[in-house]
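Asks: Below is a structure I'd like to ask you about.
Residue numbers (this note's numbering): 9 to 79.
As structure tokens, then:
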């Protein structure tokens with residue numbers, strides 16, 4: 009195991025959470041685009057076609073959230 013991995017294991021839970029947040033913030037501000045897989049491109053194309061064919065077939069966030077919470 010790497011020295012870095014061992015150092016991370018020694019961190020407190022709060023320090024680990026802060027590290028993850030810092031890493032995520034760094035990833036989110038990265039200007040590099042992550043490439044999509046062919047299946048992801050296909051799915052996005054499919055969803056876009058569905059939306060163009062049925063632009064009114066949408067749900068408000070409040071409704072979606074409630075359906076999830078009701079499960």
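C-beta: ideal position from N, C-alpha, C; glycine also.
#1: So residue 60 is in the alpha helix (DSSP H); what residue range does that whole segment cover?
#2: Quick check on residue 14: does DSSP put it in helix, strand or coil?
#3: From what residue to what residue does the alpha helix (DSSP H) around residue 33 run?
#4: I need the straight-line Cα distance from residue 9 to residue 56, nearest angstrom please.
#5: So, for residue 42: in the same chain, excluding its five sequence neighbours on each side, which residues have a beta-carbon less than 7 Å away from its beta-carbon?
Replies: According to the structure shown:
#1: In the chain shown, residue 60 corresponds to position 52, counting from 1. Taken as a continuous stretch (DSSP letters only), the alpha helix (DSSP H) holding residue 60 covers 46–61.
#2: Reading the chain shown from its first residue, position 6 is the one you call residue 14. Helix at residue 14.
#3: Mapped onto the chain shown, residue 33 falls at position 25. Where residue 33 is concerned, the enclosing alpha helix (DSSP H) stretches over 21–36.
#4: For the purposes of this step, residue 9 is taken as the residue at position 1 of the chain shown. For the purposes of this step, residue 56 is taken as the residue at position 48 of the chain shown. Near 44 Å, if we compare the C-alpha coordinates of residue 56 and residue 9.
#5: Taking the chain shown and counting its residues from 1, one reaches residue 42 at position 34. Same-chain partners within the cutoff: there are none.
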